[in-house]
Amino acid sequence: MAPPQKHLLAIEGMYPPQIAAYLDLAESFVLLNRTGKTPRDRLRGRTLINMFFEDSTRTRVSFELAGKRLGADVINMSVATSSVNKGETLLDTAATLNAMNCDLLVIRHASSGAPALLAQKVEAAVINAGDGTHEHPTQALLDALTIRRRLGGLQGLTVAICGDVLHSRVARSNIFLLSAMGSRVRVVGPPTLIPPAAERLGVEVFHDMAAGLDGVDVVMMLRLQQERMTRGLVPSAREYFRFYGLDEAKLAHAAPHALVMHPGPMNRGVEIASTVADDPLRSVIREQVEMGVAVRMAVLDLLSTSGANQ
Ligand code: CP
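Per our numbering, the sequence shown starts with residue 4, numbered consecutively.
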């Protein structure tokens, strides 16, 4: 049996039963969220601190909602007005929060590995809410839950992850999770936006959308992360959309039942056309957001109640 996790730092290295445990518990929270019957005494007396050193809408709000729906005390640390601006280091900040006996520390940081570093220094369970270009594990879990609910499972599916794979922590976490759970993963994008030696991650690489989307069950689009590009890697947004933006013509290459996904935030008209993003028959982008709350409730619950954190 896979051991209980103390922290959630990455999908890489997780066993399928550990992934399934998060998804199965999240599934039960979906129904409780919809009926407003969440167990508000579940994490009573526990404290969750959200530390977001990078911008976020979905992840930060859903961790806050998840904590509150389970009855935890939730603090959103405002990094912009914190002593970080007076030069306090990440580790000193974490040590300060640790001294306040917090139980769960959710961190998003521009540096890959920052959550893992914190996890060595604090007693709280550390949850990676996205670190640099490394991983975004709860995003991959919510994506998997969305796919599993729509298509009945993950085993044997073909998933195309398209666009700016090079800078995407979402892509990396999804590649590890989907591969572990028996899906085949393709990455599709211009050569400048595919990591060197991507095949070593066990994926098939395509530079042409028609070939890459041929017959796939899921089309997962990624945001073009201009803020992480140190040089021009695409000629222009307009040209990028022409070759790599998902529109109805390109989507026609996927299987007729294929789901359209995007982790958000979306750049409409750059990586995805509004007609596709808003198509209620194909797009599950809003459902991904709903699953985000359920998955984060499951993560908080399992990390709080596992033997490692009692
Ligand atoms: N998908 C995602 O991480 O979105 P936010 O940046 O809004 O949290």
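For each residue, glycine too, the CB sits at the ideal point set by N, CA and C.
By the Cβ rule, the region 151–169 does not count as touching the region 43–59, because fewer than three pairs are nearer than 8 Å. With contacts defined by Cβ atoms closer than 7 Å, alanine 183 and proline 19 form a contacting pair.
When C-alpha distances from asparagine 270 are compared across Gly295, Gly155 and Leu249, the shortest belongs to Leu249.
Taken from the Cβ of proline 140, every heavy atom of ligand 1 lies 6 Å or farther away. One Cα belongs to glutamate 15, the other to arginine 299, and the distance between them is close to 18 Å. Inclusion of histidine 170 and proline 194 in the CB contact set at 7 Å is not warranted, their separation being larger than that value. Scanning Thr149, Ala98, Ala147 and Gly135 for the CA closest to the CA of valine 125 turns up Ala98. Annotated three-state conformation of arginine 226 is coil, per DSSP. Taking the CA atoms as reference points, valine 279 sits about 40 Å from proline 7. Here asparagine 104 is exposed. Its C-beta has fewer than 16 other C-beta atoms within 10 Å.
Between leucine 148 and leucine 26 the beta-carbon gap is near 5 Å, inside 8 Å, which marks them as a contact. In the DSSP assignment, phenylalanine 209 falls outside any alpha helix (DSSP H) and within the unbroken beta strand (DSSP E) covering 207–209. In chain order, Ile52 place their CB closer than 6 Å to the CB of isoleucine 78, counting only its own chain and leaving out the 5 sequence neighbours on each side.
The nearest non-hydrogen atom of ligand 1 is 6 Å or more from the C-beta of proline 7.
The region 194–205 makes no contact with the region 141–160; the number of CB pairs closer than 8 Å stays below 3.
Residue state for glycine 133 is assigned as strand, using DSSP reduced to three classes.
For phenylalanine 32 against alanine 132, the beta-carbon gap comes to about 18 Å, at or over 8 Å, which does not count as contact. Beta-carbon to beta-carbon, serine 176 and alanine 143 are separated by about 4 Å, close enough to satisfy the 8 Å threshold. Proximity of the region 214–226 to the region 259–278 meets the contact definition, three or more beta-carbon pairs being nearer than 8 Å. Not one heavy atom of ligand 1 falls within 6 Å of the beta-carbon of glycine 70.
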